[in-house]
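S.K.: Numbering (the numbering used here), first residue to last: 95 to 506.
One structure, pasted below without further comment.
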């Protein structure tokens, strides 16, 4: 399979199985926009919830916010985006990639921008968080939100979009402590990659040189991933120094310093920023998980998704849909398993082989089949079920308690 052939197959699977749809498709689409379908929404939420758990909720030094997309245009002037957030056109001129819009009506209308990154809302709320929560350094502010970039040539499915989601932390430290914090966040990003199922051999660190870093950064590592269309940036880790808070303090004339209660020292903290694009992460997950193999006399397609990110954790099915006693028992089993996790699917459409193939293609780790032995046709097998494993296709006979334990262990 060629790399671009793989990409075509992923795009086709995503649409066919309800992960990702082209935006505005019935009107011919809109370049650089894609909509998440029923399964894609859940996968996206799983990725975001895992990020929130690791980067925010499991830590005592993190605070969350949800800043607005629309901000005073002076924010982007102070941050340098108005003057530097640009791409070159073919004739060599620079094109600012921020989207413009207006607020107000008539002569009172004011030009503003759709935010090009979520970090701006974090920096402008720095003082509010400090005043309301009284955090001790080091501490971070985390946010998941939408950003907009008027890409000249959006491409490669959900890799380069005009509307994208970001998971970002701005981690505030004493100026002398930035190197230690930078290394700690570098390790956290690798742990997150492992958690969501990205193979270490497909992930690479690139130390960004002096001439290529963003205007606010003194050190940046790009986490690159081996996509079918080449090795490209997946995430970024940047040392933003005190650039942002200093710039906003100067432009707004509002003091954005931090007072160390122990030393009584007042200073502007420096910032470490782990920035993770949601959409690029999801594409990397699809690329990592896509598989084809031979099972029986046919080629099987499946997604070897990490159970933590899989939109469906298990499927419960009666062997025959026209046998009420099997259906009733299968419904009972599903209800019990949903106490462990709600994403336990039901499928009684077609023969059991076709059901397995459908679940394989959406990445469901386990399939549970209720048959006559479950009901006691073979006395020693009463209340046992068949558990099928997605990746290998192997099956084993287990009690309901054992099945529940397997699912719980896989998703924790």
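Ideal Cβ positions, reconstructed from N, Cα and C, are used throughout, including at glycine.
No experiment lies behind these values; they were computed from the predicted model shown.
Residue 460 and residue 501: beta carbons closer than 8 Å?
M.R.: Yes; because the gap between Cβ atoms is below 8 Å, this pair is in contact.
S.K.: Taking the CB atoms as reference points, tell me whether residue 191 and residue 204 lie closer together than 8 Å.
M.R.: The answer is no: Cβ separation not under 8 Å.
S.K.: May I have a chain-ordered list of the alpha helix (DSSP H) segments no shorter than 4 residues that lie completely inside the region 148-215?
M.R.: Taking only runs of at least 4 residues, the alpha helix (DSSP H) segments lying wholly in the region 148-215 are 168-172 and 175-178.
S.K.: Quick check on residue 253: buried or exposed, where buried means 16 or more other Cβ atoms within 10 Å of its Cβ?
M.R.: Its Cβ being crowded by 16 or more others within 10 Å, residue 253 is buried.
S.K.: Please classify residue 98 as buried or exposed, where buried requires at least 16 neighbouring CB atoms within 10 angstroms.
M.R.: Classification for residue 98: exposed.
S.K.: Give the DSSP-derived three-state secondary structure of residue 399 in the structure shown.
M.R.: Coil, per DSSP.
S.K.: Flag this pair as yes or no: are the beta carbons of residue 377 and residue 251 separated by less than 8 Å?
M.R.: Contact: yes.
S.K.: Can you give me the Cβ contacts of residue 320 inside the same chain, cut-off strictly under 6 Å, excluding the 5 residues immediately before and after it?
M.R.: 296, listed in sequence order.
S.K.: Measuring only the C-alpha atoms, how far is residue 131 from residue 421?
M.R.: Taking the straight line from one Cα to the other gives about 29 Å.
S.K.: Count the CB pairs spanning the region 226-243 and the region 289-309 that are closer than 8 Å, and state whether there are at least three.
M.R.: As far as the Cβ criterion goes, the region 226-243 does not touch the region 289-309, which means the pair count is below three.
S.K.: Does DSSP put residue 411 in a helix, a strand or coil?
M.R.: Correct three-state label for residue 411: strand.
S.K.: To the nearest angstrom, how far is the alpha carbon of residue 293 from that of residue 316?
M.R.: Computed Cα separation, rounded: 17 Å.
S.K.: Quick one: what's residue 260 bridged to in DSSP?
M.R.: DSSP, once it has assigned bridges, lists 239 and 371 as partnering residue 260.
S.K.: Excluding the five sequence neighbours on either side, which residues of its own chain have a C-beta within less than 6 Å of the C-beta of residue 395, listed in chain order?
M.R.: Answer for residue 395: 386 and 455, listed in chain order.
S.K.: Give the secondary structure of residue 270 by DSSP, where H, G and I count as helix, E and B as strand, and everything else as coil.
M.R.: Residue 270: helix per DSSP, three-state reduction.
S.K.: If contact is defined by three or more beta carbon pairs under 8 Å, each pair taking one atom from either stretch, is the region 273-288 in contact with the region 212-230?
M.R.: The region 212-230, when compared against the region 273-288, does not touch it at the 8 Å Cβ threshold.
S.K.: Whose CA, out of 381, 265, 398 and 135, lies closest to the CA of residue 154?
M.R.: For residue 154, the nearest C-alpha among the options comes from 265.
S.K.: When burial is assigned at 16 or more other CB atoms within 10 Å of the CB, is residue 483 buried or exposed?
M.R.: Residue 483 comes out exposed.
S.K.: For residue 462, which of helix, strand or coil comes out of DSSP?
M.R.: In this structure, residue 462 counts as strand in the three-state DSSP scheme.
S.K.: Can you tell me the Cα-Cα spacing of residue 272 and residue 332, whole angstroms?
M.R.: So the alpha carbons of these two residues sit roughly 11 Å apart.
S.K.: Is it the case that the Cβ atoms of residue 491 and residue 503 are separated by a distance below 8 Å?
M.R.: It is not a contact, given that the beta carbons lie outside the stated cut-off.
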